[in-house]
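Below: the structure, in structure tokens.
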Amino acid sequence: MIYTIKNDKIEVSVEDLGAQMRSIKDAEGKEYLWQGDEKYWNGSAPNLFPYIARLTEGKYTLRGKTYEMPKHGFLRNSVLKLKEKTQTKMVFSLTDSEETYKMYPYHFEIKVKYELFENEFKVSYCVSNKDKKVMCFGVGGHPGFQVPIEQDLSFEDYFIEFAQGTDIKRVGMSEDCFVTGDEEAFPLEENQRLSLRHNLFDNDAIILKDAPSRVALTSEKGGARIEMETSHLGYLGIWHKPASDAPYVCIEPWSSLPARKDVIEDLEKQDNLVSLKPDGYYTGFFKVKIVK
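Okay, structure coming up:
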């Protein structure tokens, strides 16, 4: 089922399956979110939990036992309960079940919260450890935005603009999308820009570490821009379908990384995962502002 919140500037629709956004519209009804297309990618904005991207052989170990989990975890394929809804806010919840416990042996609750503020919305991930042991997880978003944003412009007219910040590093990835352990500087163009072109993604996603917490998708030839701010989501993925002319780009804030190449990770030893103490609470968020 799809639920909608709106104010006089923006409207956001979310499906209870995965608490995934299905639409972001402005007051004039213009759509900004990628609407899915089997030719390129049929998603729109999956939420990722309790693991980001791929596990080697689809497996990990925990306290001497081996578990299997699908790519990007199980949240995106789970129906969440709508716990709260007002005109400008909605909160979805998923708690552990017999099915999730087979893949991920923790008692937990994750809430995905959507809130509107003028021409901006905030997506928060609120994770509670209901277990008696330290809980290790990754969480993040995978929103895709239509590019071009405005008619009569092209994909190549756009760029991602980064706020001033630390020296950005690119995480080394193998051809099959596992972490290699290498990192390299990721120099930007003049004015802190990454110009979009389709062949940027011929080798799959660009994954960045130490990126500034504010970025924007924009063009000098148009008047509209999409701004994103993140908190406690320390990695940033930029992606569209490899080796294609896909008319969208995903800007993905993550708390952690995929597994290392040829390593079946021990969940308690993967150092970029969040480690949450018993009865602990974590929150991370990203905000998106539509500027015209």
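Residues 18 to 309 in this note's numbering are what the sequence shown lists, from first letter to last. The beta carbon of each residue, even a glycine, is placed where N, CA and C say it ideally should be.
Contact between the segment 160-179 and the segment 45-61 is present: three or more C-beta pairs spanning the two stretches fall below 8 Å. Segment contact: the segment 62-77 against the segment 180-195, three or more CB-CB distances shorter than 8 Å; contact assigned. The alpha carbon of residue 202 has as its nearest neighbour, out of 212, 241, 189, the alpha carbon of 189. Residue state for residue 242 is assigned as strand, using DSSP reduced to three classes. Sequence-distant Cβ neighbours of residue 289 in its own chain, meaning closer than 6 Å and more than five residues away, are 273, 274. Spanning the alpha carbons of residue 138 and residue 305 requires a straight line of approximately 5 Å. When DSSP reads this structure, residue 181 sits in no beta bridge, so it has no partner. Boundaries of the beta strand (DSSP E) around residue 252: 252-256. When DSSP states are grouped into helix, strand and coil, residue 167 belongs to the coil group. The C-beta of residue 128 has 16 or more other C-beta atoms within 10 Å across all chains shown, which makes the residue buried. Your pair residue 22 and residue 104 checks out as a contact, with CB atoms roughly 6 Å apart and the cut at 8 Å.
Bounds of the beta strand (DSSP E) holding residue 78 are 76-79.
A direct Cα-to-Cα measurement between residue 302 and residue 252 gives close to 12 Å.
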